[in-house]
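Undergrad: Going left to right, the sequence shown walks through residues 13 to 471 as this note's numbering numbers them.
Glycine is no exception: its CB is placed at the ideal position from the N, C-alpha and C atoms.
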Amino acid sequence: MATTTTSEGSTTLSDVGACKPQETGTAQKRVQTTRFTNAWIVLAGKLVQADLFVREGIILDAAKHFWQASCDKSNTQDVVIDCEDHILAPGFIDIQLNGAYGVDFSDPQHLRDAAKVEETCRSIALHGVTSFYPTVVTVDKPTYSQVMPLLHDLCVGAKEQRKSAVAEMLGIHCEGPFIAVSGAHCDDCINRDDAGKVSSMGYTVSIGCSANVTSLKIVTLAPESVSTQLIQSLVASGVRVSAGHSNATLEQTEQAIGNGVSMVTHMFNAMKAFSHRSPGCIGLLGLAPDRQPFVSVIADGHHVHPCVVNMAWKCLKTTLPASARKDGLTSQTHWHACKFMLISDAISAAGLSRAQAIKVGCMEVRITDNGTRAVLKTDSSVLAGSVTMLDQCVRNLLQFCPDCTIAQAIEAASTIPARAMGVEKQKGQLIPGADADLVLMDRNNLSIVKVWKRGVLVT
Ligand SMILES: [Zn+2]
């Protein structure tokens, strides 16, 4: 069993089952193995010095690989990549990305430009974001009916084109139309008439789709506005339901969690303000860890005060014994069971140096403060998404939260969202069998050095 060394003693990269000898007489296909060496690897809330082996875009079980290598010389490494003492992290997963580099994922015209979308996904990946959930803001029904099939095709295409070295769309996040607090969403497009009446099929109809949308993976809704049946039926069809843009009380939010709500969308923003007697959804921060849902926070420095980001972080981080872990990865004595997730909530102006006026869905947005802040054209006090990509949010989190380690900040943008979405065996962790979506980060300033998507360098 290959061991690695941490500041807290010995641990292992993987648990290794019985290693079967190579079958003789079987024609073996020669495939290239890449070894990433001289790296600090993010693993279970820590940085550990270890090598990482990748073959055909998948992270290898190092111990098993070495065992086989001793039997079969064709298994030895073909390419060695010296990581020069940098940090090798799992690719980031942005579960709320409205757009970037001039593309608005709520605009059908933008989505029809395949070359532009591909180029945007490449630019997104260069920020370390190797996977994301394109997010549709609340739009009118005709726009939904165009956007949803286009995004569905892009998500399916991303699965089929697994060799493309660009950020991959894992599924659609629909923020709306059943919300109670409009925020920067179009008030006229919010569906208040049907709220409380629709089922999950009714939901897909409400977003302009006659059939169930298999790529729909996240729905943000105001739990106090909808029926219990809608939440339960969405969850039953594999959709993660997130409470957001809501005036729900703490009690209503807890009830919704009991019905299957598993996440909160951009905690603090577009929700009932906190009061010590009536805390609303924000009161979830005070619950025991096993009663807390996954919570997303926009750490761009504008949406939430750094001190409040730190408060949320302190309330949502927790370390549990390995026995509490449900995914079978028991090689660590403890695991970082944090519920804090970073999202960018970025809009199409993100990544563009000179954007001044754009649209998000049907809302007109102005970019202010030297390109760092997005506000509604009609009301500059209302933030309209961010222009900050997720890698900057990781750096901000580390700056805002004195107790947060580098590994924990990185996990808030990778492991935790993967866990929230139930994709942690393929994404967000550098474990055997997972996709080799890798981000090389400078140890001193956490800038992005290089990115690999399924083992292929993003250029
Ligand atoms: Zn929002």
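I'd like to check one pair, SER227 with GLY188: are the Cβ atoms closer than 8 angstroms?
TA: No.
Undergrad: What does DSSP give as the partner residue(s) for VAL377 in the beta ladder?
TA: VAL377 is bridged to ILE370, LEU388.
Undergrad: Going along the chain, which residues of its own chain have a beta-carbon closer than 6 angstroms to the beta-carbon of PHE412, five neighbours each way excluded?
TA: Closer than 6 angstroms at the Cβ level, and outside the excluded window around PHE412, lie PRO318, VAL321, ASN322.
Undergrad: Just reading off the beta strand (DSSP E) that MET453 is part of, what are its end residues?
TA: Per DSSP, MET453 belongs to the beta strand (DSSP E) from 450-453.
Undergrad: Please report the Cβ distance between MET181 and CYS167, rounded to the nearest whole angstrom; I am assuming they are in contact, meaning their Cβ atoms lie under 8 angstroms.
TA: At roughly 5 angstroms, the Cβ-Cβ gap stays under 8 angstroms, so MET181 and CYS167 are in contact.
Undergrad: Thinking just about the alpha-carbon of each residue, which of VAL225, ALA234, ALA196 is nearest to the one in ASP206?
TA: Residue ALA234 is the option with its Cα nearest to ASP206.
Undergrad: Select from SER356, LYS209, THR216, SER426 the residue whose C-alpha is nearest the C-alpha of MET279.
TA: Cα-wise, what sits closest to MET279 is SER356.
Undergrad: Helix, strand or coil: how does DSSP classify ARG67 here?
TA: Strand at ARG67.
Undergrad: Three Cβ pairs or more, each shorter than 8 angstroms: is that satisfied between the stretch 305-318 and the stretch 267-278?
TA: Verdict: yes, contact present.
Undergrad: Enumerated in chain order, which unbroken segments of the beta strand (DSSP E) with a length of 3 residues or greater are wholly contained in the stretch 155-217?
TA: You should have 184-187.
Undergrad: If VAL148 and PRO120 are in contact, beta carbons under 8 angstroms, what's the gap, nearest whole angstrom?
TA: At roughly 11 angstroms, the Cβ-Cβ gap does not stay under 8 angstroms, so VAL148 and PRO120 are not in contact.
Undergrad: I want to check one thing, is the minimum distance from the CB of THR478 to the heavy atoms of ligand 1 below 7 angstroms?
TA: In the structure as shown, the chain begins at 13 and stops at 471. Residue 478 is therefore absent and cannot be evaluated.
Undergrad: Among the residues of its own chain, which have a CB less than 6 angstroms from the CB of ASP63, if the five just before and after it don't count?
TA: For ASP63, where only same-chain residues beyond five positions count, the Cβ hits under 6 angstroms are ARG47, THR49.
Undergrad: Just to confirm my understanding: we take CYS327, look at its own chain, exclude 5 residues before and 5 after, and list those with CB closer than 6 angstroms. What are they?
TA: The residues are LEU297.
Undergrad: Where does ALA421 sit, in a helix, a strand or coil, going by DSSP?
TA: ALA421 falls in the helix class under three-state DSSP.
Undergrad: Do ASP449 and VAL142 have their beta-carbon atoms positioned less than 8 angstroms apart in this structure?
TA: The question names Val, yet the displayed sequence has Thr at residue 142. It is a contact, given that the beta carbons lie within the stated cut-off.
Undergrad: In terms of residue numbering, what span does the beta strand (DSSP E) encompassing LEU242 cover?
TA: No beta strand (DSSP E) holds LEU242; the alpha helix (DSSP H) holding it covers 240-248.
Undergrad: Can you check whether the CB of VAL451 is closer than 8 angstroms to the CB of ALA478?
TA: Nothing can be reported for residue 478: it is not among the residues displayed for the chain, which extend from 13 to 471.
Undergrad: Can you give the Cα-Cα distance for TRP52 and HIS98, rounded to whole angstroms?
TA: Rounded to the nearest angstrom, the two C-alpha atoms are 6 angstroms apart.
Undergrad: Assign VAL321 to one of three DSSP states: helix, strand, or coil.
TA: Helix.
Undergrad: Rounded to whole angstroms, how far is the Cβ of ALA4 from the Cβ of GLY363, which I believe are closer than 8 angstroms?
TA: Residue numbering for the chain in the displayed model covers 13 to 471; residue 4 lies beyond these limits and cannot be assessed.
Undergrad: Which first and last residues belong to the alpha helix (DSSP H) in which ILE136 is found?
TA: Taken as a continuous stretch (DSSP letters only), the alpha helix (DSSP H) holding ILE136 covers 126-137.
Undergrad: Around the C-beta of ASN281, are 16 or more other C-beta atoms found within 10 angstroms, so that it is buried, or is it exposed?
TA: Under this definition ASN281 is a buried residue.
Undergrad: When you measure from the CB of GLY373 to every non-hydrogen atom of ligand 1, does any distance come out below 7 angstroms?
TA: No - ligand 1 has no heavy atom lying nearer than 7 angstroms to the Cβ of GLY373.
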